[in-house]
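A.B. asks:
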Amino acid sequence: MSLLYDEGQQAIAAETRKVLEARMQTKDLLGLLEQQGLFHGPFWEMAKQQGWTSLALPEAYGGLDLSLVELGLVALQAGRALSGAPFLTSSYGAARAILDLGSEALKDTWLPGLANGERIGAIAFAEGQELVPALPSVTFAGGLINGTKPSVSGGSQADLAIVLASEAGTPVLVAADLAGAERQLFHTFDNSRCTANLVFRDCPATLLASGDAALQAALHVLALQSVVTAHEQTGGAEALMEQARDYANTRRAFGQPIGAFQSVKHRIAELYGLVELARANALQAAASEGQPGFLKAAAAARIQATEAYDTAARDCVQVHGGIGVTWEGGLHLHMRRSRSLAVEQGNVLFWEDVLVDQLTGEAA
3 MSLLYDEGQQ AIAAETRKVL EARMQTKDLL GLLEQQGLFH GPFWEMAKQQ GWTSLALPEA
63 YGGLDLSLVE LGLVALQAGR ALSGAPFLTS SYGAARAILD LGSEALKDTW LPGLANGERI
123 GAIAFAEGQE LVPALPSVTF AGGLINGTKP SVSGGSQADL AIVLASEAGT PVLVAADLAG
183 AERQLFHTFD NSRCTANLVF RDCPATLLAS GDAALQAALH VLALQSVVTA HEQTGGAEAL
243 MEQARDYANT RRAFGQPIGA FQSVKHRIAE LYGLVELARA NALQAAASEG QPGFLKAAAA
303 ARIQATEAYD TAARDCVQVH GGIGVTWEGG LHLHMRRSRS LAVEQGNVLF WEDVLVDQLT
363 GEAA
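Following this line, the structure appears as structure tokens:
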């Protein structure tokens, strides 16, 4: 695929941006920072109404049968607008795990609800410092799971979790109904991510994969989610770059716009370069889904997008000066989100290790 969007994809991006800009307001997101376990309801209702929840799922289960490219386009615009919920990413990851590994009965049970957004999915793999532990502490036996998965994005609202557990000393991937799970909420610097500890006590679960296949499937789900997240990070970085540019062209000091000073305009030019590199890597990764080089492309996209968003969040505040750190200005929302997304789906160090593993034996 060419690293260009076709007319239909451009239309999806333009319409998504138009809708989000009309309905998303900074003041709505500020209130969520002081509440645990809640998300921006109007954003999620909009996602369901616009069909964003069903974009990359098959028509047989209520989806639109498009691809990761189109979902990425929506995620990019959601990143620009600071989406008030993490479920586009987490539900897609859960749906793909069931679609790729589940039985027909399991697909019929969960996929229609995930496609229309009435049900929410989450991914619960990590324990301690390990994102994909080889022998998780959560156990699976007799169709039930027990144990705790910490800091699960979307965990406070999810109906379903794809859990990496262990069975008789073997790693297994299971789909767990969260109706009976305990959700331990705690305060974070970005509360709308609905992060919670999930505590399982004899909760019913269905086996999806075991052994090395479970670990490989878990890594693939993370790669899919990381591509969606990379698009979201790219959108956030792009919005910040534009805000810094616009402010530098209007704010005056010493008789001229501050954008005339090299220290400012060079910083904004560097942000532009980072944003375009992130966009290209994210598109390349999305277009590579299902191909042999997908994992490598996903890792590269994740690394590049994290650098772009982190740098843009920091530099945009610097360009704005004192007004950049005010509560009402809202730039801190992007700073918070850049840090949240930098660790969800694995941090840069994890994806650097994945990329190095994929490049082993190749001409890097």
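In this note's numbering, the protein residues as written are 3 to 366.
The beta-carbon is built from N, C-alpha and C at its ideal position, and this holds for glycine as well.
Which runs of the beta strand (DSSP E) spanning at least 3 residues fall entirely within the segment 16-67, listed in chain order?
C.D. replies: Runs found: none.
A.B. asks: Cutting at 6 Å between CB atoms, please list the residues of its own chain near residue 41, excluding the five before and the five after it.
C.D. replies: In the sequence shown, the residue the question calls residue 41 occupies position 39. For residue 41, where only same-chain residues beyond five positions count, the Cβ hits under 6 Å are 86, 87, 194, 196.
A.B. asks: Would you list, in sequence order, the uninterrupted alpha helix (DSSP H) runs of no fewer than 4 residues that lie entirely inside the segment 206-253?
C.D. replies: Within the segment 206-253, the complete alpha helix (DSSP H) runs of at least 4 residues are 214-252.
A.B. asks: Tell me residue 149's beta-bridge partners as DSSP assigns them.
C.D. replies: Taking the sequence shown and counting its residues from 1, the one referred to as residue 149 is at position 147. Partner(s): 202.
A.B. asks: Just to confirm, are residue 216 and residue 180 a CB contact at a threshold of 8 Å?
C.D. replies: Residue mapping note: residue 216 aligns to position 214 of the sequence shown, counting from 1. Residue mapping note: residue 180 aligns to position 178 of the sequence shown, counting from 1. No. Outside cutoff.
A.B. asks: Kindly indicate which three-state DSSP category residue 303 falls into: helix, strand or coil?
C.D. replies: Start at 1 with the first residue of the sequence shown, and residue 303 comes out as number 301. Note: residue 303 maps to helix in three-state DSSP.
A.B. asks: Residues in the same chain with beta-carbon distance under 7 Å from residue 139, minus the five sequence neighbours each way, listed in chain order, please.
C.D. replies: In the sequence shown, counting from the first residue as 1, residue 139 sits at position 137. Correct list, in chain order: 129, 149.
A.B. asks: Which residue comes first and which comes last in the alpha helix (DSSP H) that contains residue 115?
C.D. replies: For this step, residue 115 is matched to residue 113 along the sequence shown. Start and end: 106-118.
A.B. asks: Just to confirm the assignment, what range does the alpha helix (DSSP H) spanning residue 91 have?
C.D. replies: One-based indexing of the sequence shown puts residue 91 at position 89. Residues 89-103.
A.B. asks: Should residue 78 and residue 68 be called a contact, given that it needs their Cβ atoms to be closer than 8 Å?
C.D. replies: Locating residue 78 in the sequence shown gives position 76, where the first residue counts as 1. Locating residue 68 in the sequence shown gives position 66, where the first residue counts as 1. For residue 78 and residue 68, no; Cβs fall outside 8 Å.
A.B. asks: Under a three-way DSSP split, which group does residue 290 fall into?
C.D. replies: Along the sequence shown, read from residue 1 onward, the residue named residue 290 stands at position 288. In this structure, residue 290 counts as coil in the three-state DSSP scheme.
A.B. asks: Applying the criterion that 16 or more other CB atoms from any shown protein chain within 10 Å of the CB defines a buried residue, is residue 157 buried or exposed?
C.D. replies: Here residue 157 corresponds to residue number 155 of the sequence shown, with the count starting at 1. Buried, since its Cβ has 16 or more Cβ neighbours within 10 Å.
A.B. asks: According to DSSP, is residue 181 helix, strand or coil?
C.D. replies: The count along the sequence shown starts at 1 and reaches residue 181 at position 179. Residue 181: helix per DSSP, three-state reduction.
A.B. asks: Starting from residue 154, follow its DSSP beta bridges and name the residues at the other end.
C.D. replies: For this step, residue 154 is matched to residue 152 along the sequence shown. Paired residues: 198.
A.B. asks: Excluding the five sequence neighbours on either side, which residues of its own chain have a C-beta within less than 6 Å of the C-beta of residue 298, listed in chain order?
C.D. replies: As a first step, residue 298 must be located in the sequence shown, where it is residue number 296. These residues qualify, in order along the chain: 360.
A.B. asks: So is residue 281 buried or exposed if we call it buried at 16+ other beta carbons inside 10 Å?
C.D. replies: Translated into the one-based positions of the sequence shown, residue 281 becomes position 279. Buried, since its Cβ has 16 or more Cβ neighbours within 10 Å.
A.B. asks: Assuming residue 231 contacts residue 346 under a Cβ cut-off of 8 Å, what Cβ separation, rounded to an integer in Å, is found between them?
C.D. replies: In the sequence shown, the residue the question calls residue 231 occupies position 229. In the sequence shown, the residue the question calls residue 346 occupies position 344. Sure, about 6 Å apart at Cβ, within 8 Å.
A.B. asks: Could you tell me which residues DSSP pairs with residue 125 in its beta bridges?
C.D. replies: Taking the first residue of the sequence shown as 1, we reach residue 125 at position 123. Residue 125 pairs with 164.
A.B. asks: At what residues does the alpha helix (DSSP H) containing residue 352 begin and finish?
C.D. replies: As a position in the sequence shown, residue 352 is number 350, starting the count at 1. Start and end: 350-361.
A.B. asks: Contact check, residue 270 vs residue 253 under 8 Å by CB: the rounded distance?
C.D. replies: Here residue 270 refers to the residue found at position 268 when the sequence shown is read from its first residue. Here residue 253 refers to the residue found at position 251 when the sequence shown is read from its first residue. Wrong, their Cβ atoms sit about 13 Å apart, outside the cutoff.
A.B. asks: Can you tell which of 241, 66, 28, 354 has the C-alpha that lies nearest to the C-alpha of residue 313?
C.D. replies: Position 311 of the sequence shown, counting from 1, holds the residue named residue 313. Minimum Cα distance to residue 313 is reached at 241.
A.B. asks: Please report the straight-line C-alpha distance between residue 366 and residue 93, rounded to a whole angstrom.
C.D. replies: As a first step, residue 366 must be located in the sequence shown, where it is residue number 364. As a first step, residue 93 must be located in the sequence shown, where it is residue number 91. Confidence at residue 366 is low in this model, with a pLDDT of 49, below 50, so the placement of that residue should be treated as unreliable; the coordinate-derived value is given next. Taking the straight line from one Cα to the other gives about 34 Å.
A.B. asks: List the endpoints of the continuous alpha helix (DSSP H) containing residue 136.
C.D. replies: Here residue 136 refers to the residue found at position 134 of the sequence shown. Looking at the DSSP string, residue 136 is not in any alpha helix (DSSP H), and its letter there is neither H nor E.
A.B. asks: Would residue 75 pass as a contact of residue 14 if the rule is Cβ separation under 8 Å?
C.D. replies: If you number the sequence shown from 1, residue 75 lands on position 73. If you number the sequence shown from 1, residue 14 lands on position 12. In this structure, residue 14 lies closer than 8 Å to residue 75 by Cβ.
A.B. asks: Going by C-alpha to C-alpha distance, which of 38, 49, 165 sits closest to residue 198?
C.D. replies: Locating residue 198 in the sequence shown gives position 196, counting from the first residue. Per the Cα distances, 38.
A.B. asks: Buried or exposed for residue 326, please, with buried defined as at least 16 other CB atoms from any protein chain shown within 10 angstroms of its CB.
C.D. replies: Reading the sequence shown from its first residue, position 324 is the one you call residue 326. Residue 326 is buried by the Cβ-count criterion.
A.B. asks: Considering only the alpha carbon of each residue, which of 328, 178, 276, 323 lies closest to residue 108?
C.D. replies: In the sequence shown, counting from the first residue as 1, residue 108 sits at position 106. Of the listed residues, the one whose Cα sits closest to residue 108 is 178.
A.B. asks: On the DSSP letters alone, give me the boundaries of the alpha helix (DSSP H) that residue 79 sits inside.
C.D. replies: Position 77 of the sequence shown, counted from the start, is the residue given in the question as residue 79. Here the alpha helix (DSSP H) through residue 79 covers 70-82.
A.B. asks: Tell me whether residue 173 is buried or exposed, calling it buried when 16 or more other Cβ atoms sit within 10 Å of its Cβ.
C.D. replies: Taking the sequence shown and counting its residues from 1, one reaches residue 173 at position 171. Classification of residue 173: buried, given that the 10 Å Cβ count is 16 or more.
A.B. asks: Indicate whether the contact test is met: 3 or more Cβ pairs, each with one atom in the segment 161-171 and one in the segment 110-126, closer than 8 Å.
C.D. replies: The segment 161-171, when compared against the segment 110-126, does touch it at the 8 Å Cβ threshold.
A.B. asks: Looking at the structure shown, is residue 12 part of a helix, part of a strand, or coil, going by DSSP?
C.D. replies: For the purposes of this step, residue 12 is taken as the residue at position 10 of the sequence shown. Residue 12: helix per DSSP, three-state reduction.
A.B. asks: Looking at C-alpha atoms only, which residue of 117, 81, 335 is the closest neighbour of residue 101?
C.D. replies: One-based indexing of the sequence shown puts residue 101 at position 99. When each option's Cα is compared against that of residue 101, the closest is 117.
A.B. asks: Need the endpoints of the alpha helix (DSSP H) that residue 345 sits in, please.
C.D. replies: Along the sequence shown, read from residue 1 onward, the residue named residue 345 stands at position 343. Where residue 345 is concerned, the enclosing alpha helix (DSSP H) stretches over 333-345.
A.B. asks: Which residue from 337, 354, 205 puts its Cα closest to that of residue 35?
C.D. replies: For this step, residue 35 is matched to residue 33 along the sequence shown. Of 337, 354, 205, the residue nearest in Cα terms is 337.
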